[in-house]
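All remarks here apply to the structure that follows.
In this note's numbering, the protein residues as written are -17 to 189.
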């Protein structure tokens, strides 16, 4: 009996959840130095880190890097600055994921399964413990889309990606829940220490 070579969509989503749970979009400098088409192991993916640089950005203040007018959310939806239509938290989350994916590829980083990541919205950004809100993420989406490649390649997140409330070793499913903005620490489901990276296994070189 011939076995199918297709991969279950559920498995793909599970793998994406494991990989991105270790950190939101940031990659180590070792990864960015290689080709975006080069293969990457699960250990390398899980070794990515997320650092929140700078303080919290308050929409509508001088510190707001977008230069856009403030956004006032309600309980169900948020109006983006163009005023086109109200967006739900899920739609805001998906827009951010799309912007982050596009910027990664524009800066030469290895593509990831963005559809699998987006399928985790809105929980990916707005789970218990996360400090992110639909309003702040709506404005942060434009910041992310215009972030310098130098920062993207160094794994530096925009200041509007603020840290979560959960301390190291507390349970987590997504990096946005953690104070370190990293979920993993070598043990799935625990917030990691800030800046912690799992050691990477390297194959011995031929003499």
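Backbone N, C-alpha and C fix where the C-beta goes; we use that ideal spot for every residue, glycine too.
Would you please state the rounded distance, in angstroms, between the beta carbons of residue 104 and residue 83? I believe it to be under 8 Å. Position 122 of the chain shown, counted from the start, is the residue given in the question as residue 104. Position 101 of the chain shown, counted from the start, is the residue given in the question as residue 83. Contact flag wrong, Cβ pair sits at about 17 Å.
Could you name the residues of the same chain whose beta carbon sits closer than 6 Å to that of residue 111, not counting the 5 residues immediately before and after it, in chain order? Mapped onto the chain shown, residue 111 falls at position 129. Cβ neighbours of residue 111 beyond the five flanking positions: 146, 147, 148, 159.
Is it the case that the Cβ atoms of residue 79 and residue 106 are separated by a distance below 9 Å? Looking up residue 79 in the chain shown gives position 97. Looking up residue 106 in the chain shown gives position 124. Yes. Within cutoff.
Could you please give me the residues that DSSP links to residue 153 through a beta bridge? Residue numbering aside, residue 153 sits at position 171 when the chain shown is read from its first letter. Residue 153 is bridged to 172.
I'd like to confirm the pairing. Which residues does DSSP put opposite residue 148 in its beta bridges? Taking the first residue of the chain shown as position 1, residue 148 is located at position 166. Residue pairing for residue 148: DSSP places it in a beta bridge opposite 160.
Inter-residue spacing [alpha-carbon to alpha-carbon] between residue 163 and residue 140: Position 181 of the chain shown, counted from the first residue, corresponds to residue 163. Position 158 of the chain shown, counted from the first residue, corresponds to residue 140. Cα to Cα, the separation comes out at about 12 Å.
Mapping the DSSP letters down to three states, classify residue 102 as helix, strand or coil. As a position in the chain shown, residue 102 is number 120, starting the count at 1. Residue 102: coil per DSSP, three-state reduction.
Quick check on DSSP: helix, strand or coil for residue 165? By one-based count along the chain shown, residue 165 stands at place 183. It is a strand residue.
CB-CB under 6 Å to residue 151, same chain, minus the five flanking residues each way: which ones, in chain order? Taking the chain shown and counting its residues from 1, one reaches residue 151 at position 169. 172, listed in sequence order.
Buried or exposed by the 16-neighbour rule on C-beta atoms within 10 Å, applied to residue 161: Here residue 161 corresponds to residue number 179 of the chain shown, with the count starting at 1. Buried: at least 16 other Cβ atoms inside 10 Å.
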